[in-house]
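Chains A and B, in that order, are what the protein sequence lines are. The first sequence: position 278 = 278 (my numbering), numbered continuously. Every position in the second sequence, counted from 1, becomes a number in my numbering once 1000 is added. Just so it is clear, CB atoms sit at the ideal spot from N, CA and C, and this is done for glycine as well.
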Amino acid sequence: MTSGPLFHEQTARQRIAALADTGSFAELLPPPERLTSPYLVQLGIPVSFDDGLVIGRAKIGGKKVYLAAQVGQFVGGAVGEIHGAKLTGLFKAAARDRVPCVLIIESGGVRLHEGSAGEIAIAETMRAIFECRAKKVPTIAVIATDIGAYGGMGILSTCCDFRVMTEHGRLGISGPIVIEKWMGKKAYDSSNRALVWKTSGGKTKYLLGDADALVHDGADAVRDAVAKLLGKSSPVSLKGVKERQKELEKRLKRFGDTADPDAVWKGMGVRNIEAASLASGPEFAALAKRGK
Amino acid sequence: MNTAKSGLRRQNKAQRLAKVGKLARGKFVSSDKVPELLKRIIEPGDILCLEGDNQKQADFLANQLATLDKKDLHDIHLVMSCITLPAHIELFKKGMIRQVDFCYAGPQGTAVADLVKAKKFPVGAIHTYNELYARYYIDLTPRVALIAATQADRKGNLFLAANTEDTPAIVEPTAFSDGIVFAQVNEIVDRLPRIDIPADQVDFIVEAPYPMHLQALFTRDPAAITDVQVLMAMVALRGIYEKYEVQSLNHGVGFNTAAIELLLPTYGERLGLKGKICKYWMVNPLPTMIPAIESGWVESVFAVGGEVGMERYTAARSDVFFTGRDGSFHSNRAMGQLAGHYAIDMFIGASLQIDINGNSSTVSKNRITGFGGAPNMGCQPTGRRHPTKAWLKAGAEANPGPGSPPGRKLVVQMVETFQAGRVPTFVEQLDATDPGIRKALHGVAPVMIYGDDVTHIVTEEGIANLAACRSIAERQAAIRAVAGYTPVGLKRNKRETADLRARGIVQLPEDVGVRPSEASRSLLATQDIKGLVRWSKGLYDPPSQFVDW
């Protein structure tokens, strides 16, 4: 029963190597160029030669893609000026060249040490993502670690056409500790790991339709899911946005006062909560489809 | 003239019970009356045993005792396995304790070190578990014992569920010497699943307002095991388990040994070791053993205590675990320690500090923890007479003299060269030899395992076979050889190391057939707690702090 390496335990570069066709990844602005944050140095904080983001050209299943992975170990994968510029540039290039863009997200959002630059970069990246979508160039976010996609990166991920998640992945805007700080421990206990994952984890996001695929925590499964989505796109239309808005209003009405995440699962048709909790990502996806 | 004492203790006990009067209804006491009852049954000068080890705690009774003051109770000689609760520390701060004899002070280690510095910790000695239980029958027999049980019936029989642990070792010497046994129970029921302590050994029972504290002490999350620990586990498996064909063993509590447990069904299976090693265990029901048990590696497990969440699993695997007629898990710390002392091929565990002579300790100047059972299992039982393959092989290597046993127990220390925060594990001198600590302990440095008892040290650098060393100088060189980049390691002599390696006393990973590049977490049977639940077919119920689903 030996398993391959778990995707959530791999480094950003290992994830890229595992997702891209062998030898196909060509890094843009690689570490030897030493594009580092000018702000962190001033604050006496160590810098990273890739500023926490690996970007480049690659092929997945023979198809050309722009591929990027955030480095969660470096300032929580947070977006600073350089990191943000690389991110914006990549999606702009994707729109220009009409090549799909895949981003492996592992970030708490904007880097507080260079907040304004980070905020602007995220806004510009969103604009570039919508440019891609207007041109029917697929944009795919992969969220597969407990650092997950939060803050600006949480919002950014939902701008992409599709989100591929694993059960370890988490997606949200405010992180659990922030919610607890503002709402109180009674309202949301951030040390209750089961509660945290049941509210922001991959399974719940898949159930609510925020994630388009829920896959096994391994590079092969993630790559297969990404490859399947590469040919598709979901263009943005006013009608589509309005429909989504209505869906969200309905969700808020239905579950807004619910304190128990299990009730949300039940409301979404999960019958055996215990079995569903224990199920792996793909098992859960199968259960959810059958409404069990 | 007849000077033999006769019946005095019995008389004294009757007097104490008479003082209790209507405070109790028969054996049963309501929880609000407990402080008053304690005042009436305990006398100054008593040897008082408070039950509590590193897992279960008579915490309600301890907390009630701590509400009393020096004027209520003083000159108490406290005997207990583990000083674990803030309430225990209170007793010292209030000056109620004349002397304390104990084994371990894990969570209160810092508080104990502070008490020592303030000269408020009148310690007799720090013991190993069985050493202390043994003294309960010799010179430390409790006059009063405050114990913890899961359930009592209306007659006063006690059920101890999975956590029998110290209870029989405390109750027997107390009850059979006209002492008083007072039990807190989680609940009083009409019918017990089984009787672990008979009613006529119990004097008082209180239904505590909250269940006894149980620490999930042996749960190691596979997610926290590192690649380096996997490497060390591979080296240990090949260089020791496989080499000596270790059949019976004890594992410590650390992540290193958890890695070994999780490698058995994968790496161990690949090496063809199933059925050859690791069949008989004296160990608590470690969740990380589930994959090995499910893969058929394990014949039997006897435990000193239970583990939170393993109740359904152990009950369902009654061919492996010892279970009562009611079907549920049974443990016994005294008997488990005895088994670990005499009946196993190998003890393997970790330590915080090891000196150049191989002595180890978990004591630092600011934290006095003491011992648990490790010294008892991590030693050479020279009273052993039965041979096993591993015992004879290790014995032959040690080249015993004409006055020594022919065999040796394998006593293995498995440590990374650095602890967290880049603190070196290997030191020239143990913190335990600090003059202040030694003075408080009447000249005895609290050494966990003596270098003479250690046969092997395993680090990420390799294995040092101390048993095969022929002199103290050679042993020191072997330890330096595996001490990596610690100051102790940097003092090694290249030529000496090469010589020891040529003689097989020092072995690098490649010398035992392990490729470091192969060491990866992906070799583990599972990488997280959820995987353990799945391996257990849903029978393992991990404590909530480990659940993220």
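Residue 1329 of chain B versus B/1161, B/1405, B/1262 and B/1504, residue with shortest Cα-Cα distance: It is B/1161 whose Cα lies nearest to the Cα of residue 1329 of chain B.
Helix, strand or coil at residue 82 of chain A according to DSSP, with G and I counted as helix: Correct three-state label for residue 82 of chain A: helix.
Taking the alpha carbon of residue 1400 of chain B as the reference point, which residue from B/1020, B/1380, B/1413 and B/1415 has its own alpha carbon closest? For residue 1400 of chain B, the nearest C-alpha among the options comes from B/1380.
Would you decide whether residue 1005 of chain B is buried or exposed? Buried here means 16 or more other CB atoms lie within 10 Å of its CB. Result: exposed.
Checking contacts by CB at 8 Å: is residue 194 of chain A closer than that to chain B? Chain B contact via Cβ: present.
What residue ranges within the region 12-92 of chain A form continuous beta strand (DSSP E) runs of no fewer than 3 residues, ordered along the chain? Counting only runs of 3 or more, we get 26-28, 53-60 and 63-70.
Limits of the unbroken alpha helix (DSSP H) element including residue 1041 of chain B: For residue 1041 of chain B, the enclosing alpha helix (DSSP H) has its first and last residue at 1034-1041.
Are the C-beta of residue 283 of chain A and some C-beta of chain B separated by less than 8 Å? No, because no Cβ of chain B sits closer than 8 Å to the Cβ of residue 283 of chain A.
Of all Cβ atoms in chain B, is any one closer than 8 Å to the Cβ of residue 197 of chain A? It does; some Cβ of chain B falls within 8 Å.
Buried or exposed for residue 177 of chain A, please, with buried defined as at least 16 other CB atoms from any protein chain shown within 10 angstroms of its CB. Classification for residue 177 of chain A: exposed.
Can you check whether the C-beta of residue 1548 of chain B is within less than 8 Å of a C-beta belonging to chain A? Closer than 8 Å to some Cβ of chain A, the Cβ of residue 1548 of chain B qualifies, so yes.
So for residue 1059 of chain B, helix, strand or coil by DSSP? Three-state result, residue 1059 of chain B: helix.
Out of A/187, A/148, A/169 and A/29, which one is the CA nearest neighbour of residue 216 of chain A? If we check each option's Cα against that of residue 216 of chain A, A/169 comes out closest.
Residue 147 of chain A in three-state terms, based on DSSP: In the structure shown, residue 147 of chain A sits in coil (DSSP, three-state: anything other than H, G, I, E or B).
Less than 8 Å between the beta carbons of residue 1426 of chain B and residue 1378 of chain B, yes or no? In this structure, the beta-carbon distance from residue 1426 of chain B to residue 1378 of chain B does not fall below 8 Å.
Any C-beta of chain B under 8 Å from that of residue 200 of chain A: It does not: the Cβ of residue 200 of chain A has no partner Cβ on chain B nearer than 8 Å.
In the DSSP assignment, find the unbroken alpha helix (DSSP H) run with residue 223 of chain A in it and report its ends. 219-229 is the extent of the alpha helix (DSSP H) around residue 223 of chain A.
Burial state of residue 1011 of chain B (16 or more Cβ within 10 Å): With fewer than 16 other Cβ atoms within 10 Å, it is exposed.
Looking at C-beta atoms only, is the number of pairs between the region 1080-1094 of chain B and the region 1043-1052 of chain B that lie closer than 8 Å three or more? In this structure the region 1080-1094 of chain B lies against the region 1043-1052 of chain B, because at least three pairs of beta carbons, one per stretch, are closer than 8 Å.
Whole angstroms is fine: what's the gap from residue 1406 of chain B's alpha carbon to residue 1302 of chain B's? Looking at the two C-alpha atoms, the distance is approximately 27 Å.
Backbone secondary structure at residue 1549 of chain B - three-state DSSP: It is coil, neither helix nor strand.
Looking at the structure shown, is residue 276 of chain A part of a helix, part of a strand, or coil, going by DSSP? In the structure shown, residue 276 of chain A falls within a helical segment according to DSSP collapsed to helix, strand and coil.
Give the C-beta separation of residue 1169 of chain B and residue 1333 of chain B to the nearest angstrom, bearing in mind that I take them to be a contact with Cβ-Cβ under 8 Å. Sure, about 7 Å apart at Cβ, within 8 Å.
Distance cutoff 8 Å, beta carbons only. Does residue 112 of chain A sit that close to anything in chain B? No, residue 112 of chain A does not count as interfacial toward chain B.
Should residue 277 of chain A be flagged as near chain B, meaning a C-beta pair shorter than 8 Å? Look at residue 277 of chain A: its C-beta is under 8 Å from a C-beta on chain B.
Going by the CB atoms, is the gap between residue 1216 of chain B and residue 1186 of chain B shorter than 8 Å? Inclusion of residue 1186 of chain B and residue 1216 of chain B in the CB contact set at 8 Å is not warranted, their separation being larger than that value.
What are the complete beta strand (DSSP E) segments, minimum 3 residues, inside the region 1242-1269 of chain B? When DSSP assignments are scanned along the region 1242-1269 of chain B, the uninterrupted stretches of beta strand (DSSP E) that are 3 or more residues long and fall wholly within it turn out to be 1248-1251.
Output yes if chain A places a C-beta closer than 8 Å to the C-beta of residue 1534 of chain B; else output no. Answer yes: the Cβ-Cβ gap between residue 1534 of chain B and chain A drops below 8 Å somewhere.
Name the DSSP beta bridge partners of residue 1364 of chain B, please? DSSP lists B/1367 as the bridge partner or partners of residue 1364 of chain B.
Using a cut-off of 8 Å between C-beta atoms, extract the partners of residue 1530 of chain B located in chain A. Residues of chain A passing the Cβ test: 278.
Counted within 10 angstroms of its Cβ, other Cβ atoms place residue 183 of chain A as buried (16 or more) or exposed: Exposed is the call here.
Could you give the residue range of the alpha helix (DSSP H) that holds residue 1313 of chain B? Per DSSP, residue 1313 of chain B belongs to the alpha helix (DSSP H) from 1311-1316.
Go ahead and pull the three-state DSSP assignment for residue 1511 of chain B. Three-state DSSP puts residue 1511 of chain B in a helix.
Answer yes if the region 113-122 of chain A comes into contact with the region 209-228 of chain A, meaning at least three C-beta pairs across the two stretches below 8 Å, and no otherwise. No, they do not touch.
Unbroken alpha helix (DSSP H) run spanning residue 1474 of chain B, endpoints: Counting along the chain, residue 1474 of chain B sits inside the alpha helix (DSSP H) bounded by residues 1472-1481.
Is the beta carbon of residue 1093 of chain B sitting closer than 8 Å to the one on residue 1069 of chain B? No. Outside cutoff.
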